[in-house]
Amino acid sequence: MKRTMMMKAFLVSLLFGTLSIAAEPSPVAPKTGDELKENASPVAESRITLKIPLLSPKFASVPVATVGDDVVTMEEFNQSLAALHQRAGEDESAGKKDYNIVLNRLINSKLIVQEAENMGLADLPEVKEKLEDFPRMAIKEELKEQQIKDLKPAEADTERFYKEAVKELKVKSVRFDKEDDAKELARAVQAGGNFDELANSLIESGKATGVKEGEFVKAKELLPQVAHIVSSLRVGGISPVVQVGPAYTILKLEDIRYPADDMEAREAAREQALALKQLQVLTEYNGMLVKKYAKIDRKLLDKLDFESAKPGFDKLLKDKRVIATIKGDKPITVADLGEMLKQKFFHGVKEAAKGKRINEQKMPALYDIFYARLYPMEAKKLGLDKTESYKNRIKDFRDSLLFGMFIQKVVASEIKVTDEEIKAHYNAEIDEFSLPEMLKLRGLAFTRKDFAEAAMEKLQKGTEYQWLQANAEGLVPGDTEGLMSFSQTPVTRKSLPEKMQEAIAAAKPGEYRLFETPEGFVYVIQVQEVIPAKPQPLEQVKQSITKEVFNQKLNKSVEDWGQKLREAYKVQVYITDLGN
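Under mature numbering (1 follows the signal peptide of the UniProt record, and there is no 0), residues -22 to -1, 1 to 558 are what the sequence shown spells out, in order.
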């Protein structure tokens, strides 16, 4: 009867709840008199205490607990602890409580796998099919990881990607309403005039807008057409006339800098460089394997036309001509290649044929077949299917599959969420289900600040918005690239650009504010309505609450059944001190 109850275990490692255990060895049952006679020596078990660095790879295989015949290692413990901290946002206050949570989950997950095995879940047809398919993928991944495991990113690539990410340009721009005025400045500069002196004079006279001193801006934040022009300039270089919206601009690149203290960007650049290195190595390795094992009929491959109406794609799917031979494996036929191409165009080969997109994929598709065939062959020749890494990969997949099946077959179907529980959760967490403050805005964009100021003054004095929208001087055309759009649909304050939030802060309904963008547009923004934060109706959030309460009940099941399973399986914990 007890074993029947044990079938109600649950997958702990995939769920999060408040769990705790005492990290002490489980008590050992006293021996009977006969057992003492049979085991008279040694009288007591000898023990030692070790102080082990938590993250040291030297102790990765050290057991921290045993569950039946299965072992929880330091490596598993560290990986689970890292995952918990990552999901929790690296809470620095976490300590022994986290260690207990992680250890408890790991133990419970081992218990659940063993119970699932004893229930015979591994013999279910849907489980057996996946267990039979997975090794083919796993052995390929083993070989792939063998090739890239010790790779390091090239420093030159890391630096290049870093500079691309953080590059800042000091740009001075002069904007004109009329193209002829901009071209006149360009001609004067080409004739030998000093750009700064000429530009500053035009700015002072009001014939142009801009700043006398350039400002640093991240290259990736520039408009595409501006970034393209500026990237072609050397420091000190002057651009031709560039149209930006309705205005015409001439730019000067005054300086370039690369901030050195952006650690997030540097780590991203390192990962990007490592991915590039891995791709290069794997591409070379793939080519080596093909050269070693395969021979391609290039003439046949070149003349195959999967886009032509004759013979037609369907007939090529039955074509048994050999397009490539592989040592130690069956040959690759035209039909095999056709099937791989069919998989690539899962939306339909007919449309792909019309767009002339199939034939260009012949070689990539052929290499996909090589990858599927040659990697397992080579991996087995190298004995990778006998390694601990491969065996652990298979075991981990098996365990996770049994976990999932146990949830589906045993736990999830028996957990119910009532309307009363939903209402109680809604009332207890009402702030979580409240809509944020919303704003209804409208705005006019102008090419210059003085135009915008004049328009706002008229609006404040009572000029009709619609009239001004049609007649104001300096309005930016509505189809201009990069122009912000406004609608009657309310938006959250936090969804607005940061500078715009600052511009309309504390504005009351009906008030106007000025907001200037990096592209040079100056907006007159009216806050039409402020909609205070308010709770959403229960019916609108019922689905999300149901899911949340359901998960909470699953977590509770983890704790309950984890304790019950300990009555049926032997658990031994070796951690006696969860240090800092």
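Glycine included, C-beta positions come from ideal geometry on N, C-alpha and C.
Because the structure is a prediction, the values reported are computed rather than measured.
(message) Using the Cβ count rule (16 or more neighbours within 10 Å means buried), how would you classify I85?
(response) buried
(request) Just mark P35 as buried or exposed, buried being the case when its beta carbon has 16 or more other beta carbons within 10 Å. (result) exposed
(message) In the DSSP output, which residue or residues are listed as bridge partners for T495?
(response) DSSP, once it has assigned bridges, lists no residue as partnering T495.
(request) Assuming L147 and A197 form a contact by the criterion Cβ under 8 angstroms, report the distance between their Cβ atoms to the nearest whole angstrom. (result) 5 angstroms
(message) Going by C-alpha to C-alpha distance, which of E494, I482, A160 and F384 sits closest to L180?
(response) A160
(message) Tell me whether the region 103 to 119 and the region 373 to 383 touch, counting them as touching only if at least three CB pairs, one residue from each stretch, are closer than 8 angstroms.
(response) yes
(message) Per DSSP, what are the beta-bridge partners of V219 in this structure?
(response) V219 pairs with nothing; no bridge assigned.
(message) By the DSSP assignment, the alpha helix (DSSP H) with A343 in it spans what residues?
(response) K340 to K359
(message) Going by DSSP in three states, I26 sits in which element: helix, strand or coil?
(response) coil
(message) Quick check: the Cα distance between P103 and E110, rounded to an integer number of angstroms?
(response) 11 angstroms
(message) Between the region 514 to 524 and the region 395 to 411, can you find at least three pairs of beta-carbon atoms closer than 8 angstroms?
(response) yes
(request) Go ahead and pull the three-state DSSP assignment for Q514. (result) coil
(message) So within the region 162 to 206, which uninterrupted beta strand (DSSP E) runs reach at least 3 residues, ignoring any that extend past its ends?
(response) 193 to 196
(message) Between the alpha carbons of K145 and A253, how many angstroms are there, rounded?
(response) 21 angstroms
(message) In the DSSP assignment, the alpha helix (DSSP H) including D397 goes from what residue to what residue?
(response) D397 to A406
(request) Assuming Y226 and E338 form a contact by the criterion Cβ under 8 angstroms, report the distance between their Cβ atoms to the nearest whole angstrom. (result) With a Cβ gap of about 42 angstroms, Y226 and E338 do not count as contacting.
(request) Mark A18 as exposed unless 16 or more other C-beta atoms lie within 10 angstroms of its C-beta, in which case mark it buried. (result) Any reading at A18 is ruled out, since the residue's pLDDT is 47, under 50, leaving its predicted position unreliable.
(request) With DSSP collapsed to three states, give me the class of E232. (result) strand
(request) Would you give the residue range spanned by the alpha helix (DSSP H) that F291 belongs to? (result) F291 to L294
(request) Output the boundary residues of the beta strand (DSSP E) element that contains K150. (result) E146 to F154
(message) Helix, strand or coil for N17? Go by DSSP, reduced to three states.
(response) At N17 the pLDDT is 46, less than 50, meaning the model places this residue with poor confidence; the figure from the coordinates comes in the next sentence. Reduced to three states, the DSSP call for N17 is coil.
(request) Take P131 as the anchor and find which of I482, E407, T467 and L257 has the nearest alpha-carbon. (result) L257
(message) What does the alpha-carbon distance come out to for the pair G498 and D397?
(response) 54 angstroms
(request) In the DSSP assignment, find the unbroken alpha helix (DSSP H) run with P41 in it and report its ends. (result) Looking at the DSSP string, P41 is not in any alpha helix (DSSP H); the run it does join, the beta strand (DSSP E), is P41 to V45.
(request) Return the residue from the list E399, S463 and V49 that minimises the CA-CA distance to K531. (result) E399
(message) So, under 8 angstroms CB-CB, A94 and M383 are touching, yes? Tell me the CB distance rounded to an integer number of Å.
(response) 7 angstroms
(request) Along the beta strand (DSSP E) that carries K273, what are the first and last residues, could you check? (result) A272 to I274
(message) Here's the rule: buried if 16 or more other CB atoms are within 10 angstroms of the residue's CB, otherwise exposed. What is F55?
(response) buried
(request) For T51, name the three-state secondary structure that DSSP assigns. (result) strand
(message) Restricting to Cα atoms, I'd like to know which of F323, R165 and K88 is closest to K548.
(response) K88
(request) Look at the alpha carbon of E317 and the alpha carbon of A134, and state the distance between them as a whole number of angstroms. (result) 41 angstroms
(request) To the nearest angstrom, report how far apart G215 and E451 are at their CA atoms. (result) 33 angstroms
(request) Evaluate the contact criterion for the region 301 to 311 versus the region 322 to 335: three or more CB pairs, one atom per stretch, below 8 angstroms. (result) no
(message) Assuming contact is defined by CB atoms lying nearer than 8 angstroms, are V502 and L437 in contact in what I supplied?
(response) yes
(request) Note down the Cα distance separating E517 from F411, rounded to an integer number of angstroms. (result) 11 angstroms
(message) Let's see if you can read the secondary structure: which residues bound the alpha helix (DSSP H) around L419?
(response) Taken as a continuous stretch (DSSP letters only), L419 belongs to no alpha helix (DSSP H), being part of the beta strand (DSSP E) at M416 to F424.
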